[in-house]
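Right, one structure below, let's go through it.
Number of protein chains: 2
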Amino acid sequence: MKYYRSFEAGQVIVWAGDQMDFVGSVVSGMAGLTQQLEDGRTQMVGLLLPSDFLGRPGRQIASYTVTATSEIVLCCFRRKPFEKLLAETPHLAGRLLEMTLDELDAARDWLLLLGRKSAREKIASFLVILARREAALARQRPKGRFAVELPLTREAMADYLGLTLETVSRQMNTLKREGVIELEGKRRVIIPSFEDLVIESGEDSDGGLPS
Amino acid sequence: MKYYRSFEAGQVIVWAGDQMDFVGSVVSGMAGLTQQLEDGRTQMVGLLLPSDFLGRPGRQIASYTVTATSEIVLCCFRRKPFEKLLAETPHLAGRLLEMTLDELDAARDWLLLLGRKSAREKIASFLVILARREAALARQRPKGRFAVELPLTREAMADYLGLTLETVSRQMNTLKREGVIELEGKRRVIIPSFEDLVIESGEDSDGGLPS
DNA sequence: CTTTTTCCTTGACCCAGATCAAATCATGCC
DNA sequence: GGCATGATTTGATCTGGGTCAAGGAAAAAG
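As you go down the protein sequences, you meet chains A and B in turn. Here my numbering is used: the first sequence runs in plain steps of one and ends on residue 231. Here my numbering is used: the second sequence runs in plain steps of one and ends on residue 231.
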């Protein structure tokens, strides 16, 4: 009933519109949910990190294309048995509701980012989000000097942020030039002061994560 | 345990950060959830129409400001008894999960709208969304000639779409000039051909609502 | 080691939508 | 009616980020 699947960076895990006979959770690595307009414009609409849930119980057709942005390992369950288990286990349903509500909150922060933030603020916010989620896995809060791995291409970042890859590149290098971040290679970011980065992100100062 | 509350257009129902000791659902009218950056930039992150749920079980502090965009009637429950009921009624929890997943899907369509659509496409998409939701309440699909009520100011529309109110006004009048929509007063829109409006919205032709 | 491919950076230019500034319209109030 | 008040439209101008076009850099392939 439970099994593992691995994908390499760039591989498509599920195509939007395909039959989807499993649900799963991310063990390691990263994947993006994307939506497209027919002319090819692409927007990432979900970012899956370790512990995140993939799939929608009660729905057999995938609504979004899921692509591995880095090497990734999923822990999968066949959908039918999972749904049976879900119906029999109120605790599991509650946990899933909790996770879905958290995802909805994250999506709403993302709406604010896409609708109202400048390119510079978008980049800073994205790094803040990654740092927070990376720290949260270790039950911590990011603070002071902090390093973040970017398991995405500039293009994937652009699709996340509603920008072009050129703008992402320019803003990353501007932030670097101004000392807000340091780059170690192209995919590793050092944040000298997490607090300063939060200011750049335009967020309300307290940033209160409620849970 | 159950009671009704009414608000006039423009009234704030809940302030972000306030204690929130009730949950509710919309009986009639419309409200918006909004988030703000400290410099005042505002983004609507949720739109509540009749039958929509307000509040988050298990959370006593409101994360978003809720404002009535039109006269509105809510059916409210005190939070504690509701949570008790929720814990005792697996069916209710399942229903709530279903609604939350639908909201998440809507939020993801909204991400695509904010991240990648032009102002014209945003306006058209918004009208398509309103028409679909209005029709859905009558268990129908919008088709052919269709009328939509806009219980929002141009500014509220701008906050929904990540635009300025001037751009909203201009695009509405451009669509009117081109015959894609007709305006009856400022708050009522006639859609001569729903199918043509969907094309203007940039959506994938089929538009498949999966449920 | 060389070549190919993929990803990233940088520059020059342009345009959709923002900003600033006036009108116009609609509605309620005295 | 005459006069505030708030919503909307319209015009003029500006600009952030998009688009187009080369180049680099680094990994993968041969």
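Glycine included, every Cβ here is placed at the ideal spot set by N, Cα and C.
Presumed contact (8 Å Cβ cut-off) between residue i and residue j, rounded CB distance
i, j, result
"Pro-77 (chain B)", "Val-34 (chain B)", "Rounded, the Cβ-Cβ distance is 15 Å, inconsistent with contact."
"Val-168 (chain B)", "Ile-219 (chain B)", "At roughly 17 Å, the Cβ-Cβ gap does not stay under 8 Å, so Val-168 (chain B) and Ile-219 (chain B) are not in contact."
"Arg-140 (chain B)", "Leu-69 (chain B)", "Not quite, the Cβ-Cβ distance comes to about 24 Å (not below 8 Å), so this is no contact."
"Phe-27 (chain B)", "Ile-92 (chain B)", "5 Å"
"Phe-166 (chain B)", "Ala-151 (chain B)", "5 Å"
"Leu-131 (chain B)", "Leu-131 (chain A)", "7 Å"
"Gln-80 (chain A)", "Asp-179 (chain A)", "Going by Cβ atoms, the distance from Gln-80 (chain A) to Asp-179 (chain A) rounds to 26 Å, so no, they are not a contact pair."
"Ala-82 (chain B)", "Ala-36 (chain B)", "6 Å"
"Ala-127 (chain A)", "Arg-128 (chain B)", "7 Å"
"Thr-109 (chain A)", "Thr-120 (chain B)", "Thr-109 (chain A) to Thr-120 (chain B), Cβ: 18 Å. No contact."
Within chain A, partners of residue i - CB distance below 7 Å
i, result
"Trp-130 (chain B)", "Leu-131"
"Gly-182 (chain B)", "Leu-134, Gly-135 and Arg-136"
"Gln-55 (chain B)", "Arg-128 and Leu-132"
"Arg-76 (chain B)", "Leu-121"
Residue from the options whose Cα sits closest to the Cα of residue i
i, options, result
"Ser-48 (chain A)", "A:Met-119, A:Ala-88, A:Ser-138 and A:Gly-75", "A:Ala-88"
"Gln-31 (chain B)", "B:Leu-53, B:Trp-130, B:Gly-37 and B:Glu-186", "B:Leu-53"
"Glu-175 (chain A)", "A:Tyr-23, A:Arg-61 and A:Gln-39", "A:Arg-61"
"Glu-223 (chain A)", "A:Arg-25, A:Arg-79, A:Ile-149 and A:Phe-102", "A:Ile-149"
"Gln-187 (chain B)", "B:Leu-67, B:Ser-138 and B:Gln-55", "The sequence shown places Thr at residue 187 (chain B), not Gln. Out of B:Leu-67, B:Ser-138 and B:Gln-55, B:Ser-138 has the C-alpha closest to the C-alpha of Thr-187 (chain B)."
"Asp-38 (chain B)", "B:Val-86, B:Glu-123, B:Lys-22 and B:Arg-207", "B:Val-86"
"Arg-207 (chain B)", "B:Ser-90, B:Met-119 and B:Ser-71", "B:Ser-90"
"Leu-217 (chain B)", "B:Leu-195, B:Ala-107, B:Trp-130 and B:Ser-189", "B:Leu-195"
"Ala-158 (chain A)", "A:Trp-130, A:Val-209, A:Ser-71 and A:Leu-121", "A:Ser-71"
"Tyr-24 (chain B)", "B:Ser-83, B:Arg-98 and B:Gln-63", "B:Arg-98"
"Ser-213 (chain B)", "B:Lys-163, B:Asp-59 and B:Trp-130", "B:Lys-163"
"Leu-170 (chain A)", "A:Arg-79, A:Ala-29 and A:Arg-161", "A:Ala-29"
"Asp-41 (chain A)", "A:Glu-108, A:Lys-100 and A:Gly-114", "A:Lys-100"
"Leu-102 (chain B)", "B:Asn-193, B:Lys-22 and B:Gly-205", "Here the sequence assigns Phe to residue 102 (chain B), which means Leu is not the residue at that position. Among B:Asn-193, B:Lys-22 and B:Gly-205, the Cα nearest to that of Phe-102 (chain B) belongs to B:Lys-22."
"Asp-59 (chain A)", "B:Glu-204, B:Arg-136, B:Val-200 and B:Leu-57", "B:Arg-136"
"Thr-173 (chain A)", "A:Leu-57, A:Gly-205 and A:Gly-75", "A:Gly-205"
Under 9 Å from the C-beta of residue i: neighbouring residues of chain A
i, result
"Glu-58 (chain B)", "Gly-222, Glu-223, Asp-224 and Ser-225"
Own chain partners of residue i with C-beta closer than 7 Å, once the 5 adjacent residues on each side are dropped
i, result
"Lys-142 (chain B)", "Leu-133, Leu-181 and Leu-183"
"Leu-105 (chain B)", "Leu-112"
"Glu-215 (chain A)", "none"
"Leu-124 (chain B)", "none"
"Leu-117 (chain B)", "none"
"Ala-51 (chain B)", "Ile-33, Leu-68, Val-86, Thr-87, Ala-88, Thr-89 and Ile-92"
"Gln-55 (chain B)", "Gln-63, Val-65 and Tyr-84"
"Ser-221 (chain B)", "Glu-141, Ala-144, Ser-145 and Val-148"
"Gln-191 (chain B)", "Ala-139, Arg-140 and Ile-143"
"Ala-155 (chain B)", "Arg-161 and Pro-162"
"Glu-17 (chain A)", "Nothing can be reported for residue 17 (chain A), as the shown portion of chain A is limited to 21 through 231."
Cβ neighbours of residue i in the same chain (closer than 6 Å, five flanking residues each side left out)
i, result
"Ser-45 (chain B)", "Phe-73 and Cys-95"
"Gly-66 (chain B)", "Leu-53"
"Met-177 (chain A)", "Val-188"
"Glu-202 (chain A)", "Ile-210"
"Arg-115 (chain A)", "none"
Under 9 Å from the C-beta of residue i: neighbouring residues of chain B
i, result
"Ser-90 (chain A)", "Those do not exist, as Ser-90 (chain A) stays about 21 Å from chain B at its closest Cβ, beyond 9 Å."
Proximal chain A residues relative to residue i, where beta-carbon distance stays under 8 Å
i, result
"Gly-66 (chain B)", "Arg-128"
Residues that residue i contacts on chain B, provided the C-beta gap is smaller than 7 Å
i, result
"Gln-63 (chain A)", "Leu-131, Leu-132, Gly-135 and Arg-136"
Same chain, Cβ closer than 8 Å to residue i, five either side skipped, listed in chain order
i, result
"Pro-230 (chain A)", "Summary for Pro-230 (chain A): the model assigns pLDDT 44, below 50, so the residue's position carries little reliability; its value from the coordinates is reported in the next sentence. Hits under 8 Å: none found."
Contact test: residue i Cβ vs the ligand ADP heavy atom, cutoff 7 Å
i, result
"Phe-97 (chain A)", "Here there are no bound small molecules, and the ligand ADP is not part of this structure."
### Query
Relative to chain B, which residues along the segment 110-126 of chain A have a C-beta separation below 8 Å, given in chain order?
Listed by position, the residues of the segment 110-126 of chain A near chain B (Cβ gap below 8 Å) are Pro-110, Ala-113, Gly-114, Leu-116, Leu-117, Glu-118, Thr-120, Leu-121, Glu-123, Leu-124 and Asp-125.
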